[in-house]
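So the sequence shown is numbered by this note's numbering: it starts at 5 and just counts up by one.
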Amino acid sequence: MLASICIMPVAVYPKKYLNELREEISDVKAKIASGEQPVFGSVDALFDKLETE
5 MLASICIMPV AVYPKKYLNE LREEISDVKA KIASGEQPVF GSVDALFDKL
55 ETE
């Protein structure tokens, strides 16, 4: 019987970095909910908005 070893790449992030990312995600979600952060349905819509500013 042959055995095989499968190696999978895994990213390990420091806990402080993960906490900062979670905080940033929460901030962005709150801004989206309040309407402060615009949301675009496509890249074209984003570029149209950027070109008008």
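The beta carbon of each residue, even a glycine, is placed where N, CA and C say it ideally should be.
Cβ neighbours of K35 within its own chain (closer than 6 Å, five residues either side excluded): Q41.
Boundaries of the alpha helix (DSSP H) harbouring I29: 19-38, taken from the DSSP string.
The alpha-carbon of A15 is positioned some 26 Å away from that of A7.
Cβ-Cβ distances below 8 Å link E28 to nothing in the same chain once the five nearest sequence neighbours on each side are left out.
Judged by DSSP secondary structure, E55 falls within the alpha helix (DSSP H) whose first and last residues are 47-56.
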